[in-house]
Amino acid sequence: MAYQIDVNVCVGCGACAANCPVSAIDPKDDKYEVKEDTCVSCGACESSCPTGAISQK
Ligand code: SF4
Ligand code: SF4
């Protein structure tokens with residue numbers, strides 16, 4: 003199961019994208035989004051997010 007970003011909680015810092023080992027997180031508008039087909043559900047983004055915006059689907 004992929005992870006997802008709650009855009010209402012994301013502040014667009016980019017920490018998740020920087021910590022994703024498979025480059026599955028891209029900028030979108032002022033926030034970020036997970037590419038579900040690329041995500042390997044490692045959880046690195048979730049633990050790197052300062053606002054708790056990321057959770058497993
Ligand atoms: S769970 Fe892992 S692979 Fe998926 S988006 Fe987060 S850091 Fe990338
Ligand atoms: S680490 Fe969290 S707050 Fe920062 S861009 Fe990613 S989802 Fe948004």
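Residue numbers are given in the numbering used here: position 47 of the sequence shown equals residue 49, and the series is strictly consecutive. Cβ atoms here follow ideal geometry from the backbone N, Cα and C, with glycine treated the same way.
{"Asked": "Identified DSSP bridge partners for Ser25", "Found": "Partner(s): none; Ser25 has no beta bridge."}
{"Asked": "Any non-hydrogen atom of ligand 2 closer than 7 Å to Ala4 Cβ", "Found": "no"}
{"Asked": "For Cys33, the nearest candidate out of Thr53, Ala4, Met3 and Gln58 (CA to CA)", "Found": "In the sequence as displayed, the identity of residue 33 is Lys instead of Cys. Answer by Cα proximity: Thr53."}
{"Asked": "Under the three-state DSSP convention, the category Ser62 falls into", "Found": "This structure leaves residue 62 out entirely; the chain is present only between 3 and 59."}
{"Asked": "As assigned by DSSP and simplified to three states, the class of Glu35", "Found": "strand"}
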